[in-house]
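What follows is a short report on a single structure.
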Amino acid sequence: MRGVFVTGTDTGVGKTVVCGLLAAFLRSQGVRAVTQKWVETGCAGEPSDLSVHRRLMGLPPAPPSSLPDLCPYRFSLPASPHLAAAREGKSIEASVIEAAYGRLAASHDVVLVEGAGGFLVPLSEDLLAGDLAARLGLGALVVVRNRLGCINHALLTVEAVRLRGIPLLGLVFNRPSEPDGGTPAGMLEDNARAVGEVARAPVLGEVPFLPGIEGGREAFAPTGRAILSRWRPG
Ligand SMILES: Nc1ncnc2c1ncn2[C@@H]1O[C@H](COP(=O)(O)OP(=O)(O)OP(=O)(O)O)[C@@H](O)[C@H]1O
Ligand SMILES: [Mg+2]
Numbered sequence: 017m018r019g020v021f022v023t024g025t026d027t028g029v030g031k032t033v034v035c036g037l038l039a040a041f042l043r044s045q046g047v048r049a050v051t052q053k054w055v056e057t058g059c060a061g062e063p064s065d066l067s068v069h070r071r072l073m074g075l076p077p078a079p080p081s082s083l084p085d086l087c088p089y090r091f092s093l094p095a096s097p098h099l100a101a102a103r104e105g106k107s108i109e110a111s112v113i114e115a116a117y118g119r120l121a122a123s124h125d126v127v128l129v130e131g132a133g134g135f136l137v138p139l140s141e142d143l144l145a146g147d148l149a150a151r152l153g154l155g156a157l158v159v160v161r162n163r164l165g166c167i168n169h170a171l172l173t174v175e176a177v178r179l180r181g182i183p184l185l186g187l188v189f190n191r192p193s194e195p196d197g198g199t200p201a202g203m204l205e206d207n208a209r210a211v212g213e214v215a216r217a218p219v220l221g222e223v224p225f226l227p228g229i230e231g232g233r234e235a236f237a238p239t240g241r242a243i244l245s246r247w248r249p250g
């Protein structure tokens, strides 16, 4: 498996942070990892998710000539890809994404593809992101925003991944914000345990709230090692 679809339970759950930290970890282990974002919406200038990945990897911003491979579709409307494309009179073509992915896969050990939003986001009205991930033979890593309600979202996502025959690498539980006073003690820990148990799926790590995401490399290392223990890229 050369490609991993870094998907999540929703938008804003930490896919960019996990994707960038995983790429940085893999590179620190000598794996030639690159990140790709098929569609970035709400994009003004350089795609911001790609910039965060590269910052976490210690790389300079992507040169404009590399964008057709790294982020083939960029739209200004901050909306679902199918709508953001339509508003610019465009449509997202699987063949364009497939060709860009193929070029990156040919020159790297692993391509980490960050999804837009959740697993079943429509790229067009007849193409869901999860279906394209299946077609390209990617594995899936599910990022879960750890909060009240996430058990259901995580189980739905795992079910949709499995329904498409996509190998599930596992789940990463992320805490993009500090727990507020209303969070019952032990609930967030139990969310991860319960999902692992019910879905019979590996929980590969938990990313704590990071006051600065650049400082997250150390906190991410155990998750990175757990991922590598289940999967050898290349
Ligand atoms: N563990 C964490 N600690 C602190 N901040 C975090 C953490 N994870 C994510 N964040 C912050 O939460 C916000 C959302 O995270 P992120 O951009 O990674 O989500 P996403 O799933 O990639 O969203 P999108 O669907 O828009 O691509 C960002 O501002 C990010 O810096
Ligand atoms: Mg993102």
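Heads up: the sequence shown begins at 17 in our numbering, then just goes up one per residue. For glycine and all other residues, C-beta sits at the position ideal for the given N, C-alpha and C.
Do residue j and residue i count as a contact pair if the criterion is CB distance below 9 Å?
{"i": "residue 128", "j": "residue 35", "result": "yes"}
{"i": "residue 155", "j": "residue 19", "result": "yes"}
{"i": "residue 57", "j": "residue 70", "result": "no"}
{"i": "residue 134", "j": "residue 26", "result": "yes"}
{"i": "residue 243", "j": "residue 72", "result": "no"}
{"i": "residue 83", "j": "residue 108", "result": "no"}
What is the rounded straight-line gap between the Cα of residue i and the Cα of residue j?
{"i": "residue 76", "j": "residue 195", "result": "33 Å"}
{"i": "residue 119", "j": "residue 88", "result": "12 Å"}
{"i": "residue 237", "j": "residue 96", "result": "32 Å"}
{"i": "residue 178", "j": "residue 140", "result": "22 Å"}
{"i": "residue 210", "j": "residue 47", "result": "32 Å"}
{"i": "residue 122", "j": "residue 116", "result": "10 Å"}
{"i": "residue 233", "j": "residue 40", "result": "8 Å"}
{"i": "residue 175", "j": "residue 212", "result": "13 Å"}
{"i": "residue 221", "j": "residue 148", "result": "26 Å"}
{"i": "residue 218", "j": "residue 193", "result": "23 Å"}
{"i": "residue 54", "j": "residue 165", "result": "28 Å"}
{"i": "residue 145", "j": "residue 125", "result": "22 Å"}
{"i": "residue 245", "j": "residue 32", "result": "22 Å"}
{"i": "residue 62", "j": "residue 78", "result": "8 Å"}
Can you tell me whether residue i sits near ligand 2, meaning its C-beta is under 8 Å from at least one heavy atom of the ligand?
{"i": "residue 173", "result": "no"}
{"i": "residue 57", "result": "no"}
{"i": "residue 32", "result": "yes"}
{"i": "residue 213", "result": "no"}
Under 8 Å from any heavy atom of ligand 1, does the C-beta of residue i make it?
{"i": "residue 135", "result": "no"}
{"i": "residue 225", "result": "yes"}
{"i": "residue 67", "result": "no"}
{"i": "residue 238", "result": "no"}
{"i": "residue 132", "result": "yes"}
{"i": "residue 196", "result": "no"}
{"i": "residue 248", "result": "no"}
For residue i, does the three-state DSSP call read helix, strand or coil?
{"i": "residue 23", "result": "strand"}
{"i": "residue 223", "result": "strand"}
{"i": "residue 231", "result": "helix"}
{"i": "residue 51", "result": "strand"}
{"i": "residue 36", "result": "helix"}
{"i": "residue 188", "result": "strand"}
{"i": "residue 13", "result": "The requested residue 13 is not part of the displayed model; the chain covers only 17 to 250."}
{"i": "residue 248", "result": "coil"}
{"i": "residue 200", "result": "coil"}
**Report entry** alpha helix (DSSP H) runs contained entirely in the segment 55-92, provided each spans 4 or more residues
**Finding:** With a minimum length of 4 residues, the continuous alpha helix (DSSP H) runs that stay inside the segment 55-92 are 64-72, 83-86.
Query raised in the report: Which full runs of the alpha helix (DSSP H) of 4+ residues lie inside the segment 92-173, going along the chain?
Result: With a minimum length of 4 residues, the continuous alpha helix (DSSP H) runs that stay inside the segment 92-173 are 97-103, 110-123, 145-151.
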